[in-house]
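Heads up, the thing below is written out as structure tokens.
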Amino acid sequence: KGPQTIEREDRRSTVTVFANTDDRGMFTVSREINKRMANLNLPPGYSWSLGQNFRDMQQGEEDSMFAIWLAIVLIYIVMASLFESFIHPFTIMFSVPFALSGVFLMFWLTDTNLTTMGWLGILVVCGLVVNNGIILIDAINKRRRSGLSRTEAIIIGGKNRVRPILMTTLTTILGLAPLVIPAIFPQIFGPQEGRSGMYSPVGIAIVGGLVTSTPLTLFIIPVVYVFLDDLTRWAKAVLDNTLGRLRVAAPESVPTK
């Protein structure tokens with residue numbers, strides 16, 4: 014019995030092969046397909062390609078990467094305008110790489126595939142970890158403006174903001190626990206299916222990012238703050254010294270009648 018329909022794509026006859034990947038990710042399966050098909054000699058006039066669903070997911074991944082970079086740029090612009098400084102936003106944004114390392118570590122530990130929902134979770138966690146840095150840096154700057162030295166401002170500001178940062182982080186993690194715990198203990202809860210499995214990567218990304226970035230925010234950001242502050246002072250001193258030498262070396266203008 015012949016085919017009931019003839020499928021064509023881009024004016025070429027096509028045959029679509031469907032397969033169930035079970036619990037394996039589409040990107041993992043696609044890599045294996047590419048390896049196997051690379052060694053297959055097709056007759057002249059025949060070719061193969063991955064399906065439209067995979068191409069849509071690839072496009073979605075590229076769009077998600079663009080959205081993440083755009084979000085980072087917009088976050089920097091907003092913080093630069095609020096702090097009236099180009100340096101302090103860099104100090105705060107330093108926590109984003111630590112958050113991303115926690116995200117990918119959490120995906121690896123739970124054997125979860127990075128889907129479109131996972132990219133959405135990464136986008137959310139970039140905003141959340143920045144909030145903790147804003148709270149800490151703002152507290153330090155307020156105490157420096159009140160007359161405290163830099164070291165005293167860092168110690169007192171960090172001490173007063175530890176509890177709020179830990180409380181907000183803990184409540185966020187506990188709120189996402191129903192999505193994350195089944196992925197951590199699949200032998201107890203079984204494989205995730207339906208909407209739970211679809212939204213699970215969002216929770217895994219957020220929890221992984223917060224778990225690693227929060228303690229590092231409290232310890233690393235003050236160190237980066239001191240380093241960039243010293244660097245700013247050194248650059249300003251060098252610039253002032255250079256401008257002073259130029260003024261001395263410049264010949265005085267002789268008034269003419």
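Using the numbering used here, the first residue of the sequence shown is number 14, and each one after it goes up by one. Positions of the beta carbon are idealized from the N, C-alpha and C atoms, including for glycine. Predicted model only: the values in this text are computed from it and were never measured.
Residue i versus residue j: straight-line alpha-carbon distance, rounded
{"i": "residue 144", "j": "residue 185", "result": "13 Å"}
{"i": "residue 244", "j": "residue 101", "result": "12 Å"}
{"i": "residue 139", "j": "residue 170", "result": "23 Å"}
{"i": "residue 65", "j": "residue 88", "result": "34 Å"}
{"i": "residue 22", "j": "residue 103", "result": "49 Å"}
{"i": "residue 237", "j": "residue 71", "result": "36 Å"}
{"i": "residue 257", "j": "residue 81", "result": "44 Å"}
{"i": "residue 26", "j": "residue 61", "result": "11 Å"}
{"i": "residue 172", "j": "residue 45", "result": "52 Å"}
{"i": "residue 231", "j": "residue 113", "result": "17 Å"}
{"i": "residue 199", "j": "residue 183", "result": "23 Å"}
{"i": "residue 235", "j": "residue 161", "result": "16 Å"}
Proximity of residue i and residue j at Cβ, strictly below 9 Å
{"i": "residue 94", "j": "residue 129", "result": "no"}
{"i": "residue 105", "j": "residue 150", "result": "yes"}
{"i": "residue 229", "j": "residue 111", "result": "yes"}
{"i": "residue 154", "j": "residue 96", "result": "yes"}
{"i": "residue 233", "j": "residue 108", "result": "yes"}
{"i": "residue 19", "j": "residue 116", "result": "no"}
{"i": "residue 226", "j": "residue 142", "result": "yes"}
{"i": "residue 222", "j": "residue 135", "result": "yes"}
{"i": "residue 69", "j": "residue 163", "result": "no"}
{"i": "residue 132", "j": "residue 73", "result": "yes"}
Proximal residues to residue i (C-beta, below 6 Å), its chain only, five neighbours per side dropped
{"i": "residue 220", "result": "186, 189, 193"}
{"i": "residue 240", "result": "none"}
Buried or exposed (CB count within 10 angstroms, at least 16 for buried), residue i
{"i": "residue 51", "result": "exposed"}
{"i": "residue 215", "result": "buried"}
{"i": "residue 166", "result": "buried"}
{"i": "residue 120", "result": "buried"}
{"i": "residue 174", "result": "buried"}
{"i": "residue 4", "result": "With the chain running from 14 to 270 in the structure shown, residue 4 is simply not present."}
{"i": "residue 178", "result": "buried"}
{"i": "residue 123", "result": "buried"}
{"i": "residue 247", "result": "exposed"}
{"i": "residue 92", "result": "buried"}
{"i": "residue 260", "result": "exposed"}
{"i": "residue 56", "result": "exposed"}
Chain-order list of residues whose beta-carbon lies under 8 Å from that of residue i (same chain, five-residue window excluded)
{"i": "residue 212", "result": "130, 192"}
{"i": "residue 43", "result": "63, 67"}
{"i": "residue 118", "result": "221, 225"}
Own chain, CB closer than 7 Å to residue i, minus 5 neighbours either side, in chain order
{"i": "residue 253", "result": "none"}
{"i": "residue 99", "result": "93"}
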